[in-house]
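Residue numbers 414 to 557, in our numbering, belong to the letters of the sequence shown in order. Glycine included, C-beta positions come from ideal geometry on N, C-alpha and C. Quick caveat, the model's predicted, so the values are computed rather than measured.
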Amino acid sequence: AFEEALRLYPPAPSINRAAIRGDRWTSPTGETVTIDAGVTVLVMPWTLHRHELYWEKPRAFMPERFLPENRGNINRFQYLPFGAGPRTCIGAVFAMQEAVIALAVLMKSYRFDVVPGTKVWPVQKLTTQPQDGIPMKVTRRRST
């Protein structure tokens, strides 16, 4: 579920890179684009992760996309929460492990519910974040 959340709300809403050499690219719609060496190329994971050419029901939350038996359907450059290639975020693996551990520890002892009537609007700054925070009701779970 965590990877699907990162698909819908990637931490970095945009990634820019300078082309190291010129190239021509043909889009899925057949349009040819020429990219000159040195040109800055902007990749938008937010848009890519929600594009119907790459994802079935792209706006739906479907954690099963990332089950081991389905991972083969995901191209390594269609899912970019931490970038891709030689400039992938150096902390990506650590961030994933730390987040899963932190969530597991918190979820073991507490239940988190969004306050009813709350509208959460993501804004894209340096990272994707909720515009006005996310008001939550936190309830301690009963010990078992």
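Would a C-beta distance cut-off of 8 angstroms place residue i and residue j closer than the cut-off?
i, j, result
"residue 458", "residue 499", "no"
"residue 425", "residue 496", "yes"
"residue 454", "residue 448", "yes"
Who are residue i's beta bridge partners in DSSP?
i, result
"residue 537", "541"
"residue 494", "496"
"residue 523", "553"
"residue 445", "439"
"residue 431", "453"
"residue 546", "544"
On the three-state DSSP scale, how would you describe residue i?
i, result
"residue 460", "helix"
"residue 486", "helix"
"residue 477", "helix"
How big is the Cα-Cα spacing for residue i and residue j?
i, j, result
"residue 444", "residue 466", "15 angstroms"
"residue 542", "residue 419", "12 angstroms"
"residue 437", "residue 464", "22 angstroms"
"residue 452", "residue 523", "49 angstroms"
"residue 545", "residue 435", "42 angstroms"
"residue 556", "residue 525", "16 angstroms"
"residue 479", "residue 417", "7 angstroms"
"residue 562", "residue 468", "Residue 562 is absent from the structure shown; the chain starts at 414 and stops at 557."
"residue 493", "residue 528", "31 angstroms"
"residue 553", "residue 515", "16 angstroms"
"residue 551", "residue 510", "23 angstroms"
"residue 433", "residue 440", "20 angstroms"
"residue 521", "residue 431", "44 angstroms"
"residue 461", "residue 470", "13 angstroms"
Skipping 5 residues on each side, what residues in its chain have a beta carbon closer than 8 angstroms to that of residue i?
i, result
"residue 531", "547 and 548"
"residue 487", "478 and 479"
Leaving out the 5 sequence neighbours to the left and right, which residues in its chain are closer than 6 angstroms to residue i when beta-carbon positions are compared?
i, result
"residue 421", "none"
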